[in-house]
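Asker: Below you'll find the structure I mean.
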Amino acid sequence: MGKVATAMDMADMNDDAALAEAINLKSAPEAKLPFGFSIRRDGVYFDAGDDNPPTWICSPIRFLAQTRDDRGASWGLLMAWKDEDGRDHRWAMHKAMLAGDGAEIRASLLDKGMRLGTTQKAKSKLLDLLATVTIDSRAMAVERVGWTDGAFVLPDITYGDRPQNRVIYQGAAQFDHPYRANGTLEDWQKLVARYGAGNSRIAVALSAAFVGPLLDLLGEDGGGLNYRGASSIGKSTALFAAASVWGAPSFVRQWRATANGLEGVAAQHSETLLCLDELAQLDGKEAGSVAYMLANGVGKARAGRSGALRSPARWRSFFLSSGEISLADLAGRDGKGGRRRAAGQEIRILDIEADAGSGLGLFNALHDAPNGGVLSQRITVAELFARQAASQPSALGFRQLAAVLLIQADYALEQGEHRLAAAKTGHAVAIYDLLADADVGNAPAIIEQMLDAAQSAGLREQAVSIAKVLAGRDLACV
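Under UniProt numbering, the residue at position 353 of the sequence shown is numbered 353, and the numbers go up by one with no gaps.
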């Protein structure tokens, strides 16, 4: 990210190229501001040309394009600005939002670091500006991620975009979405992908993560895999491993939703990957129809406020699921033929026996981990490590984090929350394992520092005891 221009407090600046440089944009399309508005180095102003001083409206803002979908509807305004930390933000605002009092617009801008005037006149003029500014540049607006006109669209970036045919995501998840890029490819290969070697279930999950972008290119419909098996054998770990291809652990969603709710989720994961944990959370009465909907890629047609039918949501998804039962078994619980309806989907939604048959739950090989639980911990915390690896090569932040986890584990133990204590200590030990695997510093010194931090709070004995039980290793020699 480039440095913010240091002359932001200087005189007015209406020159497009200079303004683009000030807010760190490579291109500066020509916007036609309505009468009285000007963009200066310290913000947007309105001057009626009378004896009253100009009204400050908001931070400097750049209008990049007007957007609309392929039917000439869903018009919007693509704009960009910098927050007070110098971070770039971009938003494709639906122009329909201008029909109200503007509170939703102001909330969205404020949430992303835009400074706004608080007077009633400033609020009113902001809406006037957004409603009447014109710009010749156009972009195609889409409501779902994935392929559109040869470009691959994600909420915050479009790959393969062309100046003459720009494609912009204008869906509901522009700001709140699970797609994240952290660390490097080498980090991911070392901390996640390598565990697919010798582990068939992890290898399948990692492979499934790359299916989505190929569906359109191959002319194939969507489908999915369901990891079926008993609890606590690592089914969720397979989903977390796959999710690491596209984002943080939060990329894994829950089945706990209605068919209507899953439509929006599916559109946000079109042609990428949809991970849905705990199949049993889904109502058996909806299981068959939901499975059909996800695989078929079309939501329900609904009427808008005017009574006219809106176009249904569309997507093309490959999804991973986990549960203790199959989709057909769940659907059969409704007693009304749901099992028969779901059976027709089994050709597109296949069950995988989660237990690999090696006595290690999901795993065939442990890769030097003492047990399957520790290997699961390594995979699930790997994304956290990758996120910080570039900025914290000394791993100091991880030593501190692990020490805090051990302290929290002891407190949980005092409260009788043994499962929580074991989980937190497991994360701490897994972080130690990651640091050791990544050859960051001296591993014994790292865990010594972790335990010293706990000891300073009078917790060393308890922390070591919990770690022994969970990790199956003797840490007393450290």
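Every residue, glycine too, gets a C-beta built ideally from N, C-alpha and C. As the structure is a computational prediction, the values presented were derived from the model and not from experiment.
1) How long is the line joining the alpha carbons of A92 and A205, rounded to whole angstroms?
2) Could you check the C-alpha separation between A242 and Q189 for me, to the nearest Å?
3) Tell me whether E353 sits in a helix, a strand or coil according to DSSP, three-state version.
4) Check this for me: beta carbons of V252 and S236, under 9 angstroms apart or not?
5) Could you give the distance in angstroms between the alpha-carbon of D221 and the alpha-carbon of L78?
6) Would you mind sorting P312 into buried or exposed? The rule is 16 or more other CB atoms within 10 Å of its CB.
7) L239 and S317 look like a contact to me (Cβ under 8 angstroms); what is the Cβ gap, rounded to whole Å?
8) In terms of alpha-carbon separation, which member of T158, G113, R106 lies closest to A122?
9) Does M450 pass the burial test, meaning 16 or more other C-beta atoms within 10 Å, or should it be called exposed?
10) Out of curiosity, what's the CA-to-CA distance linking G100 and A412?
11) Go ahead and pull the three-state DSSP assignment for I325.
12) Per DSSP, what kind of secondary structure is W188 in: helix, strand or coil?
13) Out of curiosity, what's the CA-to-CA distance linking I379 and L362?
14) Going by C-alpha distance, which of Q415, M140, A172, P163 is nearest P155?
15) Which same chain residues, not among the five before or five after S59, have their C-beta less than 6 angstroms away from its C-beta?
16) At 3 residues or longer, what runs of the beta strand (DSSP E) sit wholly inside the region 97 to 183?
17) How is the alpha helix (DSSP H) around V204 delimited, first residue to last?
18) Pull up the DSSP beta-bridge partners for I39, would you.
19) In terms of DSSP beta bridges, what is L274 paired with?
20) Are the CB atoms of V245 and A209 nearer to each other than 9 angstroms?
21) What first and last residue would you give for the alpha helix (DSSP H) that runs through K285?
22) Which class does L217 belong to by DSSP, given the choice of helix, strand or coil?
23) Go ahead and label D47 buried or exposed: buried means 16 or more other beta carbons lie within 10 angstroms of its beta carbon, across all protein chains shown.
24) From the DSSP output, in three-state form, read off W255 for me.
25) Could you name the residues of the same chain whose beta carbon sits closer than 8 angstroms to that of V355, not counting the 5 residues immediately before and after it, in chain order?
26) Smallest Cα separation from V153: which of L282, D368, G223, E271?
27) Of the choices I157, P178, N52, whose alpha-carbon is the least far from that of Y169?
28) When you compare only the Cα positions, how much space is there between V211 and L225?
29) Taking 9 angstroms as the threshold (C-beta atoms), are H367 and G160 in contact?
30) Smallest Cα separation from I57: which of I352, L127, K95?
Answerer: In short:
1) Within the sequence shown, numbered from 1, the residue matching residue 92 stands at position 92. Within the sequence shown, numbered from 1, the residue matching residue 205 stands at position 205. The C-alpha of A92 lies about 34 angstroms from the C-alpha of A205.
2) The residue you call residue 242 lines up with position 242 of the sequence shown. The residue you call residue 189 lines up with position 189 of the sequence shown. Roughly 12 angstroms between the two C-alpha positions.
3) For the purposes of this step, residue 353 is identified with residue 353 of the sequence shown, where counting begins at 1. Here E353 sits in strand by DSSP.
4) Here residue 252 is taken as the residue at index 252 of the sequence shown, counted from 1. Here residue 236 is taken as the residue at index 236 of the sequence shown, counted from 1. Yes, the pair counts as a contact, with Cβ atoms nearer than the cut-off.
5) As a position in the sequence shown, residue 221 is number 221, starting the count at 1. As a position in the sequence shown, residue 78 is number 78, starting the count at 1. Whole-angstrom Cα-Cα distance: 32 angstroms.
6) Translated into positions along the sequence shown, residue 312 becomes position 312. When all chains shown are included, P312 counts as exposed.
7) Position 239 of the sequence shown, counting from 1, holds the residue named residue 239. Position 317 of the sequence shown, counting from 1, holds the residue named residue 317. Actually they are not in contact, since the Cβ atoms of L239 and S317 sit about 14 angstroms apart, beyond 8 angstroms.
8) For the purposes of this step, residue 122 is taken as the residue at position 122 of the sequence shown. Nearest C-alpha to A122: R106.
9) As a first step, residue 450 is located in the sequence shown; it is residue number 450 there, counting from the start. Note on M450: pLDDT 47, under 50, position unreliable in the model; no value is reported.
10) As a first step, residue 100 must be located in the sequence shown, where it is residue number 100. As a first step, residue 412 must be located in the sequence shown, where it is residue number 412. G100 and A412 have their C-alpha atoms spaced approximately 48 angstroms apart.
11) On the sequence shown, residue 325 is found 325 positions in, with the first residue counted as 1. If DSSP states are grouped into helix, strand and coil, I325 belongs with coil.
12) Working through the sequence shown from its first residue, we reach residue 188 at position 188. If DSSP states are grouped into helix, strand and coil, W188 belongs with the helices.
13) What you label residue 379 is simply residue 379 of the sequence shown in a count that begins at 1. What you label residue 362 is simply residue 362 of the sequence shown in a count that begins at 1. Computed Cα separation, rounded: 13 angstroms.
14) Here the question's residue 155 lines up with position 155 in the sequence shown. That would be A172, whose Cα lies nearest to the Cα of P155.
15) Locating residue 59 in the sequence shown gives position 59, counting from the first residue. Hits under 6 angstroms: G43, W81, M114, R115.
16) 138 to 142, 146 to 148, 151 to 154, 157 to 159, 166 to 169
17) Here the question's residue 204 lines up with position 204 in the sequence shown. Taken as a continuous stretch (DSSP letters only), the alpha helix (DSSP H) holding V204 covers 200 to 208.
18) Counting from 1 along the sequence shown, the entry for residue 39 is found at position 39. Looking at the DSSP assignment, I39 forms a beta bridge with V44.
19) Here residue 274 is taken as the residue at index 274 of the sequence shown, counted from 1. Answer is F319.
20) The residue labelled residue 245 in the question sits at position 245 within the sequence shown. The residue labelled residue 209 in the question sits at position 209 within the sequence shown. Contact: yes.
21) In the sequence shown, counting from the first residue as 1, residue 285 sits at position 285. Note, K285: alpha helix (DSSP H), 284 to 296.
22) Walking along the sequence shown from the start, residue 217 turns up at place 217. In this structure, L217 counts as helix in the three-state DSSP scheme.
23) In the sequence shown, residue 47 corresponds to position 47, counting from 1. D47 should be labelled exposed.
24) Counted from its first residue, the sequence shown places residue 255 at position 255. Note: W255 maps to coil in three-state DSSP.
25) As a first step, residue 355 is located in the sequence shown; it is residue number 355 there, counting from the start. Note on residue identity: the sequence assigns Asp, not Val, to residue 355. Result list for D355: G229, A230, I233, G361, L362, in chain order.
26) For this step, residue 153 is matched to residue 153 along the sequence shown. Ranking the options by Cα distance to V153, first place goes to E271.
27) The count along the sequence shown starts at 1 and reaches residue 169 at position 169. Taking only the C-alpha atoms, the option nearest Y169 is I157.
28) For the purposes of this step, residue 211 is identified with residue 211 of the sequence shown, where counting begins at 1. For the purposes of this step, residue 225 is identified with residue 225 of the sequence shown, where counting begins at 1. Annotation: V211 to L225 spans about 12 angstroms, alpha carbon to alpha carbon.
29) Residue mapping note: residue 160 aligns to position 160 of the sequence shown, counting from 1. Residue mapping note: residue 367 aligns to position 367 of the sequence shown, counting from 1. No, Cβ-Cβ distance for G160 and H367 is not below 9 angstroms.
30) For the purposes of this step, residue 57 is taken as the residue at position 57 of the sequence shown. Nearest C-alpha to I57: L127.
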